[in-house]
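Going by numbering that gives the first Met the number 0, the sequence shown opens with residue 0, and the numbers climb by one from there. All C-beta atoms, glycine included, are put in the ideal place defined by N, C-alpha and C. Heads up, the thing below is written out as structure tokens.
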Amino acid sequence: MGEATPRITAQYLENFSHQTVRILGKVTSLRGEQASMDAGGNVAIMLNRDAHIQLNHAVEIVGKVQNDLSVRVLASTDLGPATAIDFNAVEAVVDATHRYKEIFYGGDD
């Protein structure tokens, strides 16, 4: 398997600058090659040609965190209408992965 892709929410963006991450959230705006998603806070995402996401849908992004804390999409999965996702559960999973990071993606902090 390749590089670890820790699950994060908006609050963790600063901790993962220049790293590849996974973010699950609701698409709140689409403007050409740019979009925004709510993932425990606003996240700006830079789309690639293969990203086919829809407004108000839940989407999982695998992408690289940029200097400005936007995320450049490497892969995306549209999970359908956001109303079908329990975002509180998503945030709980993210919190658990950071609390026990040695289990999920290794960490020597």
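Are there 16 or more other CB atoms within 10 angstroms of the CB of ALA57, so buried, or fewer, so exposed? Translated into positions along the sequence shown, residue 57 becomes position 58. Flag for ALA57 reads buried.
Excluding the 5 residues preceding and the 5 following GLN109 in the sequence, name in chain order all residues of the same chain whose CB lies nearer than 7 Å to its CB. The requested residue 109 does not occur in the structure, where the chain is confined to residues 0 to 108.
Buried/exposed call for GLY31, threshold 16 Cβ in 10 Å: Counting from 1 along the sequence shown, the entry for residue 31 is found at position 32. Exposed, by the Cβ-count rule.
Other residues of its chain near MET0: CB distance less than 6 Å, five sequence neighbours each side excluded: In the sequence shown, residue 0 corresponds to position 1, counting from 1. With a pLDDT of only 45 at MET0, under the threshold of 50, the placement of this residue in the model should not be trusted; the figure read from the coordinates follows. Cβ neighbours of MET0 beyond the five flanking positions: none.
Which ranges would you report for the beta strand (DSSP E) in the stretch 22-108 if only whole runs of at least 3 residues count? 33-37, 41-45, 56-64 and 70-80
Applying the criterion that 16 or more other CB atoms from any shown protein chain within 10 Å of the CB defines a buried residue, is VAL42 buried or exposed? Locating residue 42 in the sequence shown gives position 43, where the first residue counts as 1. With 16 or more other Cβ atoms within 10 Å, it is buried.
Selection from ASN87, HIS97, THR19 and ARG71 that minimises the alpha carbon distance to THR4: As a position in the sequence shown, residue 4 is number 5, starting the count at 1. Checking every option, the nearest Cα to that of THR4 belongs to THR19.
Burial state of GLY39, where buried means 16 or more other Cβ atoms lie within 10 Å: On the sequence shown, position 40 is the one that residue 39 refers to. By the 10 Å Cβ count, GLY39 comes out buried.
Residues near ASP108 by beta carbon distance below 7 Å, same chain, minus five either side: As a first step, residue 108 must be located in the sequence shown, where it is residue number 109. Residue placement at ASP108 is poorly supported in this model, since its pLDDT is 47, which falls under 50; the coordinates are not used for a value here.
Using only CA atoms, which one of ALA95, ASN14, ARG6 and SER28 lies nearest to ILE109? The structure shown does not extend to residue 109, since the chain spans only 0 to 108, so no value can be given for it.
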